[in-house]
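Heads up: the sequence shown at position 372 corresponds to 361 in the working numbering, and the numbers run straight through without jumps. Glycine residues also receive a C-beta, built at the ideal position from the N, C-alpha and C atoms.
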Amino acid sequence: MKDLSQGSIVSHIAVMAPQIFVGMILMMLCGLIDLYFVAGLGDAAIAGVGAAGNVGFLINALTQILSVGAVSLISQAVGRKDRADANLIFNQSLGLSAAGALFTMVAGCMLARSYMRSVAVDEAVIEAGTTYLVWFVPALALQFIALVMGSALRGTGIVRPTVIVQAVTVIINMLLAPILISGWGTGLALGVAGAGLASTVAVAIGVAMMWIYFHRYEHYVAINSALWRPQLAQWKRILGIGLPAGGEFAIIFLNMAVIYFALRHFGAAAQAGFSIGSRLLGLIHMPGISIALAAGAIAGQNFGAGNGERVRRTFKTVLLLVTAVMIGFTMIAQWRPEFFLGGFTEDAATIAVGALFLRMVSLNNVAQGVNFVCSSMFQGLGNTRPVLLSSGARLLTNTLPLIWLSAMPGFRIEHAWYLSIATTTLQAGLSLWLLRLEFRKRLGPVLQ
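Quick look at the structure:
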């Protein structure tokens, strides 16, 4: 356990953020690895795997319910020096994660084809996406358990074991992907099914490693099956914080699904370009997200310790750091985006769509960084309902106009990106205002 309520805020961020960043990059690489090797199968395969991979945002919505609830409550318990409560929350979250994993397995296999038909009209894209999902769903299910264990460690200020396990997971996925997708060394090419299977095997090994770590090395929070018995009062605490945060990720899924829906009549190349571009943009966002996530644990421990002024200083410091990082990566995204896309496809139409997306939507980076920081601070304070409110405002102002525009005769792809810039900026302004209100309510007026 690390005490994040003492010492320099910047030094804590400097220790935690790089490790979180590496972990998130490693998770993102799994999706990029799948796309890279699937790219050789054609635009339909890229579009299918990309659209199917969007389901990951929906599953993230469910996993974040437990992850955010665990980080917030465990970090606050650590700040209060209440080890018993930290362990209770961790084990109750593990029990909920098992139920979430089972639900994902059943629903994913039953609804895979229906989802793909809702976002694509090309039969080849639908078939590729459905096949990938069937083999990828077990990996998504196992994420429930993996993220709860990683979140418990982050709540206590420990990140390194999670990063190491994620590194091993990515390496395994990287080794298996070409073997299973293209049949390297075996002659048995499974195509998009191999991409999903590679991820599933890798994540399963990662979960096993985390389980072993908790049994052998972790002492502050520990796996205790006697604490798995459902306790509705604890579920209410976890879900009360986690549900709004999960709603935020569900909104991301809906936004992405509507974009795929709006692009469906532009063909597989357009959806493939968006698939690659959106994942590259996600990679660009990782440094900012990692700093913001580190702030959540720091704010949570300080809030639990009753140090409101340090919570405010954490927000100001992190907001400046994230803004600086986002400006730098916006400049990178504006510089020859075709160069980055060329590593995934040689199709000119796909590259053109992806490059336009990166140039325009990367202008959102600073506003998106503000949203990341505000979301993390709300998690640290233990109230994520304002996050759902600001994300819901973006959903309404983005998806409804986009559906309407996509039905108009003169609709062009860039219209979707203009709308994204406007609605993300709106969300950032609303998030800042809501956080200011929360500070006044939870921390009291600023002392002069």
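Query	Result
Just the C-alpha distance for residue 329 and residue 223, rounded to the nearest angstrom, thanks.	46 Å
Look up residue 373 in the DSSP assignment and say whether it is helix, strand or coil.	coil
How far does the alpha helix (DSSP H) with residue 403 in it reach, from first residue to last?	402 to 432
Tell me whether the stretch 98 to 117 and the stretch 159 to 167 touch, counting them as touching only if at least three CB pairs, one residue from each stretch, are closer than 8 Å.	no
Might you give, ordered along the chain, the residues of its own chain that have their beta carbon closer than 6 Å to the beta carbon of residue 517, omitting 5 neighbours on each side?	Because the chain is modelled from -10 through 437, residue 517 falls outside the range shown and cannot be assessed.
For residue 147, verify whether its CB is less than 7 Å away from any heavy atom of the ligand MN.	What this structure holds is no ligand at all, so the ligand MN is not there to describe.
Please go through the same chain and pick out, in chain order, the residues whose beta-carbon is closer than 6 Å to the beta-carbon of residue 139, but skip the five residues on each side of it.	151
Suppose the cutoff is 6 Å on Cβ atoms and the five residues either side in sequence are ignored; what does the same chain contact list for residue 191 look like?	158, 161, 162
For residue 423, I'd like the list of residues in its chain whose CB is within less than 7 Å of its CB, leaving aside the five on either flank, ordered along the chain.	375, 378, 379
Taking just the CA atoms, how far does residue 323 sit from residue 347?	7 Å
Excluding the five sequence neighbours on either side, which residues of its own chain have a C-beta within less than 7 Å of the C-beta of residue 432, listed in chain order?	297, 300, 301
From what residue to what residue does the alpha helix (DSSP H) around residue 159 run?	149 to 171
When the distance is taken between beta carbons, is residue 146 closer than 8 Å to residue 451?	Residue 451 is absent from the model: the chain starts at -10 and stops at 437.
In chain order, what residues of the same chain lie with their CB nearer than 6 Å to the CB of residue 183, ignoring the 5 residues before and after it?	169, 170
In the DSSP assignment, the alpha helix (DSSP H) including residue 210 goes from what residue to what residue?	Run containing residue 210: none; DSSP gives neither H nor E here.
Hey, how far is the Cα of residue 389 from the Cα of residue 220?	40 Å
To the nearest whole angstrom, what separates the beta carbons of residue 27 and residue 38, a pair I think is in contact under 8 Å?	5 Å
Determine the DSSP secondary structure at residue 220, reduced to helix, strand or coil.	coil
Compare the C-alpha of residue 129 against each of 331, 193, 358 and name the closest.	193
Taking three-plus beta-carbon pairs below 8 Å as touching, is the stretch 415 to 422 in contact with the stretch 266 to 278?	no
Of the residues 124, 233, 172, which one's Cα is nearest the Cα of residue 53?	233
Rounded to the nearest angstrom, what separates residue 413 and residue 386 at their Cα positions?	10 Å
Quick one: residues in its chain with C-beta nearer than 6 Å to the C-beta of residue 124, no 5 flanking neighbours on either side, listed in chain order?	182, 185, 186
Let me know if residue 393 comes out buried or exposed under the rule of 16 or more other beta-carbons within 10 Å of its beta-carbon.	exposed
Starting from residue 305 and walking both ways along the alpha helix (DSSP H), at which residues does that stretch end?	297 to 323
So what's residue 359 in DSSP terms, helix, strand or just coil?	helix
Closest to residue 361 by CA distance: which of 337, 62, 311 is it?	311
Run through DSSP, which three-state label would residue 31 get?	coil
Any idea if residue 208 is buried or exposed, counting beta-carbon neighbours within 10 angstroms, 16 or more meaning buried?	exposed
Which class does residue 390 belong to by DSSP, given the choice of helix, strand or coil?	helix
For residue 110, which three-state DSSP category applies?	coil
Considering only their Cβ atoms, is the gap separating residue 56 from residue 142 smaller than 8 Å?	no
Using the beta-carbon count (16 or more within 10 Å), is residue 214 buried or exposed?	exposed
For residue 437 and residue 79, I'd like the C-alpha separation in whole angstroms.	Low local confidence applies: a pLDDT of 36 at residue 437 is under 50, so the model's placement there is unreliable, and no value is given.
Could you tell me the alpha carbon to alpha carbon distance between residue 71 and residue 368, rounded to whole angstroms?	19 Å
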